[in-house]
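This report refers to the structure that appears directly beneath it.
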Amino acid sequence: TSAGTVAAIDLGASSGRVMLGHVGHNELKMRSVARFANAAVRTIDGLHWDILDLYRGAISGLRSAVRDEPELLGVAVDSWAVDYALLRGQRMLGNPFHYRDTRTAAGVTTVHAIAPPTELYGRNGLQFLPFNTLYQLAADQLDGALNDADSMLLIPDLITYWLSGEKIAERTNASTTGLVDVAGREWDDELIDRLGLPRGLFPRLVDAGNRVGSVLPEILAEIGTGHSIDVMTVGSHDTASAVVAVPMISGNAAYISSGTWSLVGVELAEPVLTEASRAANFTNEGGVDGRVRYLRNVMGLWLLSESLRTWELAGQTFDLPGLLVQAGTWSGPVTVFDVDDPRFLPPGDMPSRICAYCREHDLREPVTPVELVRSIVESLAEAYAHTLRVAAELSGTSIDTVHVVGGGSQNELLCQLTADRTGLPVLAGPVEATAIGNVLVQARAQGLVTGSLESLRALVARAFAPRRYVPRA
Ligand code: LFR
Numbered sequence: 003t004s005a006g007t008v009a010a011i012d013l014g015a016s017s018g019r020v021m022l023g024h025v026g027h028n029e030l031k032m033r034s035v036a037r038f039a040n041a042a043v044r045t046i047d048g049l050h051w052d053i054l055d056l057y058r059g060a061i062s063g064l065r066s067a068v069r070d071e072p073e074l075l076g077v078a079v080d081s082w083a084v085d086y087a088l089l090r091g092q093r094m095l096g097n098p099f100h101y102r103d104t105r106t107a108a109g110v111t112t113v114h115a116i117a118p119p120t121e122l123y124g125r126n127g128l129q130f131l132p133f134n135t136l137y138q139l140a141a142d143q144l145d146g147a148l149n150d151a152d153s154m155l156l157i158p159d160l161i162t163y164w165l166s167g168e169k170i171a172e173r174t175n176a177s178t179t180g181l182v183d184v185a186g187r188e189w190d191d192e193l194i195d196r197l198g199l200p201r202g203l204f205p206r207l208v209d210a211g212n213r214v215g216s217v218l219p220e221i222l223a224e225i226g227t228g229h230s231i232d233v234m235t236v237g238s239h240d241t242a243s244a245v246v247a248v249p250m251i252s253g254n255a256a257y258i259s260s261g262t263w264s265l266v267g268v269e270l271a272e273p274v275l276t277e278a279s280r281a282a283n284f285t286n287e288g289g290v291d292g293r294v295r296y297l298r299n300v301m302g303l304w305l306l307s308e309s310l311r312t313w314e315l316a317g318q319t320f321d322l323p324g325l326l327v328q329a330g331t332w333s334g335p336v337t338v339f340d341v342d343d344p345r346f347l348p349p350g351d352m353p354s355r356i357c358a359y360c361r362e363h364d365l366r367e368p369v370t371p372v373e374l375v376r377s378i379v380e381s382l383a384e385a386y387a388h389t390l391r392v393a394a395e396l397s398g399t400s401i402d403t404v405h406v407v408g409g410g411s412q413n414e415l416l417c418q419l420t421a422d423r424t425g426l427p428v429l430a431g432p433v434e435a436t437a438i439g440n441v442l443v444q445a446r447a448q449g450l451v452t453g454s455l456e457s458l459r460a461l462v463a464r465a466f467a468p469r470r471y472v473p474r475a
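3 is the number of the first residue of the sequence shown in the UniProt record's numbering; add one for each residue after it.
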């Protein structure tokens, strides 16, 4: 096998990027060619993604990619999960909603009246999140929004469609809809039928690591190349791609994919569907190569970014690195609160919501921004430690190492406090795990590398040596 280059389009909840990955037998080099912001847009009907702006960012990133690498072999897309566009033929019907929109409450009631949470857990293995696709679709159904639609494409599948003209549903991300059965990982026709959803909406499922088609000729012209480029599937759920690139060497390693959300858990061969697991709200999402991502969503760096946004709107601008350094040396009392309280889910004034939570729970309210930042980071670390203890218990595994990947791996205070509160060594990095996982699964499908996820992870560990944090007494 010889080396080659592929491009990852990785869309996160706060930014998107296009990265080139040069991969060979013992070689892995990543280079960023484009970065663009992703911000929610509120219109009269609710909270949306600016999907066309993201697509434009992806296309202009591809233009830079082929300029840098004329021999580019392929491209694949990943993004956050659960959200989708409805289409009729080629036409997108309306702008996709943001999962933090509150329209889904009615959908939850409708779905649970037909299929109660205990039954759902046995069928789809998913943690309850009010924005899971099935609740969103049920809400759409209630207001007639499905009437004209003949297909539903999850966000990465939508971009894949726009690039290639092929409508598919990549399996890892489809597993987050709630409409794929956890045992066979096929569309749950019976559930779809009972919910009254049109079966025709759901395209054929495709595993990560397949060729879907080629970048359409008009797009090749637009990005300025005459060279054919394959469109591939990868773990199109960003968390699935991130887990591929967690440099787990120990068989007893856990991971935290730390970005807007923190996804905290372990990789398993088989799902855990016990009542205790359901009650603890652990999910069994579909991973690359049929693995199970057994994890829980912890609220994540969203609490920090929304706090900064709130202060900025009030005319106070802070630089986060500076605040974090000061938060690290804060020696006053530190309030630990429940970061997963549902009030923190929608966009808004986080500092006020955190203070309200503290008042209601007789906790000291953080006074200054530094104190609040310390309180958020400390509370996240505590949530990580708790979640990992429960993950180990429920899955019958033991954990001796904690990997932190994604943006949060660069947050030294968070990594150190995670080591302290878990009592385990933390291995931090790579920061771009999601794009790396995207690149590696494509590279393997292109024959540039071979082997199991373990050998891909060994390659990541060599190319991006993690930074080690040791628990303090
Ligand atoms: C992380 C993530 C989580 C999913 C949330 C919403 O970016 O994909 O895994 O629960 O976003 O889609």
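Backbone N, C-alpha and C fix where the C-beta goes; we use that ideal spot for every residue, glycine too.
For Asp12 and Asp80, the gap between their C-alpha atoms comes out near 5 Å. Apart from the 5 residues on each side of it in sequence, Ile116 sits with its Cβ closer than 8 Å to the Cβ of Arg196 and Leu197 in its chain, given in chain order. In this chain, Arg90 is not harboured by any alpha helix (DSSP H); it is covered by the beta strand (DSSP E) spanning Tyr86 to Arg90.
Fewer than three pairs of CB atoms, one per stretch, sit closer than 8 Å, so the stretch 443 to 459 makes no contact with the stretch 383 to 394. Here the C-alpha atom of Glu308 lies approximately 7 Å from the C-alpha atom of Asp351. Where Asn126 is concerned, there is no enclosing beta strand (DSSP E), although the alpha helix (DSSP H) around it starts and stops at Pro119 to Asn126. Nearest Cα to Leu305 within the set Glu287, Phe339, Arg280 and Ala316: Phe339. Inter-residue distance for Ala171 and Asp191 is about 15 Å (C-alpha atoms, whole angstroms). In chain order, Leu270, Pro273 and Asn286 place their CB closer than 6 Å to the CB of Val294, counting only its own chain and leaving out the 5 sequence neighbours on each side.
When DSSP assignments are scanned along the stretch 115 to 183, the uninterrupted stretches of alpha helix (DSSP H) that are 4 or more residues long and fall wholly within it turn out to be 119 to 126, 135 to 144, 157 to 166 and 173 to 176. For Thr319, there is no enclosing beta strand (DSSP E), as DSSP marks it with neither H nor E.
The Cβ neighbour count for Glu188, taken over all protein chains shown within 10 Å, is under 16; the residue is labelled exposed. When DSSP assignments are scanned along the stretch 261 to 342, the uninterrupted stretches of alpha helix (DSSP H) that are 4 or more residues long and fall wholly within it turn out to be 277 to 281, 304 to 315 and 322 to 331.
Between the C-alpha atoms of Ala210 and Val246 there is a straight-line separation of about 11 Å.
Counting along the chain, the unbroken beta strand (DSSP E) around Met21 starts and ends at Ser17 to Gly26. With respect to the 9 Å criterion, Gly18 and Arg33 are not classified as neighbours on the basis of their beta carbons. In this structure, DSSP gives His50 an extended state, which the three-state scheme calls strand. With a cutoff of 9 Å on beta-carbon distance, Leu429 and Pro468 are scored as near each other. Exclusion of the five residues before and after Ile161 leaves Ile11, Tyr57, Ala60 and Val79 as the residues of its chain whose Cβ lies within less than 7 Å of its Cβ.
With a 10 Å radius around the Cβ and a threshold of 16 neighbouring Cβ atoms, Ala278 comes out exposed.
Annotated three-state conformation of His229 is coil, per DSSP. In the structure shown, Ile251 falls within a coil segment according to DSSP collapsed to helix, strand and coil. For Thr178, the shortest C-beta to heavy atom distance toward the ligand LFR is below 8 Å. Apart from the 5 residues on each side of it in sequence, Val379 sits with its Cβ closer than 8 Å to the Cβ of Leu306, Leu326, Ala329, Asn413, Leu415, Leu416 and Leu419 in its chain, given in chain order. Annotation: the continuous beta strand (DSSP E) that includes Arg213 extends over Arg213 to Ser216.
Distance check between Phe320 and each of Pro344, Gly288, Leu374 and Glu367 places Leu374 closest, using alpha-carbon atoms only. Met94 and Ala147 have their C-alpha atoms some 12 Å from each other. Measuring C-alpha to C-alpha distances from Val84 to each of Thr403, Thr106 and Trp332 identifies Thr106 as the nearest.
The three-state reading of DSSP puts Ala445 in helix, counting H, G and I together. When secondary structure is reduced to three states using DSSP, Tyr101 falls in the coil class, being assigned neither helix nor strand. Look at the beta carbons and you see the stretch 395 to 406 touching the stretch 251 to 261: at least three pairs across the two are nearer than 8 Å.
Proximity of the beta carbon of Asp240 to the ligand LFR is indicated: a heavy atom of the ligand is located closer than 8 Å.
Proximity of the beta carbon of Leu419 to the ligand LFR is not indicated: no heavy atom of the ligand is located closer than 8 Å.
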